[in-house]
Amino acid sequence: MQPSSANQPPLFRPEVAERTWEALASRGLMPRAPRLVSWVIAGLLVVFVAGGTLLWRGVVPRQETARGYLEPAGGVVRVRAPRQAIVGAIHVKDGQVVKKGDLLVTLQSGQTTESGETAETEIAGQLRGQRRDLEAQLGRERDWRDNEERRLKSTADELALDLDLLGANIRTQKEQAGLARAQADRVRELVSRGTISVDELQRREIAALGLRLAVQTSERELAAKRAQLVQARIALEQLPTVASERQRSLRQSLADVQQRLIELDARRAVVVRAPVSGRIAAIPA
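Counting in numbering that gives the first Met the number 0, the sequence shown runs from 0 upward without gaps.
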């Protein structure tokens with residue numbers, strides 16, 4: 000058995016220990032507590048008090064585990080595509096707030112051909128080719144109208160000038176024919192008197208007849224020129240109507256092609272919009 004510590008004498012005598020502590024205190028060698036201990040303790044107390052207050056108020060987020068299902072207070076709306084198609088573009092992301100009518104998804108549809116393109120794409124290419132051809136034909140028709148207008152104006156101006164020249168020529172021919180007729184009449188009187196031979200009279204009458212025939216020919220030419228001038232002016236007046244009729248069928252064909260392109264684009268691209276306002280919960284992959 001070991002002796003009890005209560006019966007053992009102290010290691011140092013009390014008076015010696017007291018004198019030692021007094022000597023150390025007089026020399027400033029006694030251990031002291033750090034000066035910042037009180038400040039550290041006070042700061043820790045403030046932190047604990049503030050944390051407890053925030054926890055009590057529910058400001059600090061907490062993570063808890065529970066079993067069950069979560070449902071939003073406003074309900075869930077599942078948005079589905081109106082028909083089977085390929086997603087062309089997604090215009091929203093998870094968690095985004097949208098309003099009713101906002102664009103969500105753009106869909107592209109169509110069957111794929113051996114070339115790798117969709118049937119709608121190939122049809123659209125053909126329609127665009129037809130549109131280019133029709134636009135080129137319309138351009139040629141506009142050029143034809145401009146050229147035809149210039150031609151008719153030039154023809155009308157030339158005919159008007161020819162009519163002026165023919166009119167002056169006919170007046171001259173009529174004067175010459177009148178003089179020839181007068182000379183033939185005088186020669187006839189002289190022939191009756193026996194002064195001039197009959198041959199001279201015949202020659203004079205033939206000359207007068209030739210001048211009259213020339214006048215008649217010029218008058219017929221003048222009438223033909225006038226008819227041509229009238230036709231040219233009528234054609235010039237009717238040119239806008241004629242050109243419009245020639246372009247009408249082309250414009251109608253072009254409008255049909257444009258409409259088919261619009262309908263084709265409408266079938267190819269379908270947009271899905273938000274039926275109600277809310278927040279995007281999830282976008283299925």
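Heads up, the beta-carbon is just placed ideally off N, CA and C, and yes, glycines get one too.
Alpha-carbon to alpha-carbon, residue j and residue i
i: Thr216; j: Arg225; result: 14 Å
i: Leu263; j: Glu121; result: 11 Å
i: Glu188; j: Glu204; result: 13 Å
i: Val96; j: Ala84; result: 25 Å
i: Gly177; j: Glu157; result: 30 Å
i: Ala223; j: Thr240; result: 26 Å
i: Ala181; j: Asp161; result: 30 Å
i: Lys98; j: Val91; result: 12 Å
i: Ile233; j: Gln175; result: 36 Å
i: Ala280; j: Val75; result: 9 Å
i: Arg77; j: Trp38; result: 59 Å
i: Thr19; j: Leu43; result: 37 Å
Residues near residue i in its chain [Cβ-Cβ closer than 7 Å; skip 5 each side]
i: Glu220; result: Leu165
i: Asp101; result: Arg272, Ala273
i: Glu218; result: Ile169
i: Ala296; result: Residue 296 lies beyond the stretch modelled for the chain, which goes from 0 to 284, so this question has no answer here.
i: Ala213; result: Gln172
i: Thr154; result: Ala231
Sequence-distant residues of the same chain with beta carbon closer than 6 Å to residue i, five excluded per side
i: Ala179; result: Ala206, Ala207, Leu210
i: Ala183; result: Arg203, Glu204, Ala207
Proximal residues to residue i (C-beta, below 8 Å), its chain only, five neighbours per side dropped
i: Leu126; result: Val256, Arg259, Leu260, Leu263
i: Leu137; result: Gln246, Leu249, Arg250, Leu253
i: Leu238; result: Arg144, Glu147, Glu148, Leu151
i: Arg195; result: One detail in the question is off: residue 195 reads as Ile in this sequence, not Arg. If we look at Ile195 and ignore the five residues flanking it on each side, its Cβ neighbours are Val186, Leu189.
i: Ile282; result: Ile89, Val91, Lys92, Asp93
Beta-bridge pairing of residue i - partner residues as DSSP gives them
i: Gly177; result: Partner(s): none; Gly177 has no beta bridge.
i: Val275; result: Its beta-bridge partners do not exist; DSSP assigns none.
i: Val269; result: Leu106
i: Val96; result: Arg278
Residue range of the beta strand (DSSP E) that includes residue i
i: Gly100; result: Premise fails: Gly100 is in no beta strand (DSSP E) and is neither H nor E.
i: Gly87; result: 85-89
Cutoff 8 Å: residue i Cβ touching any chain D Cβ
i: Gln95; result: No chain D is part of this structure, which consists of one protein chain only.
Would you be able to state if there are at least three C-beta pairs under 8 Å between the segment 168-175 and the segment 137-153?
-> The answer is no - the segment 168-175 does not touch the segment 137-153, with fewer than three Cβ pairs under 8 Å.
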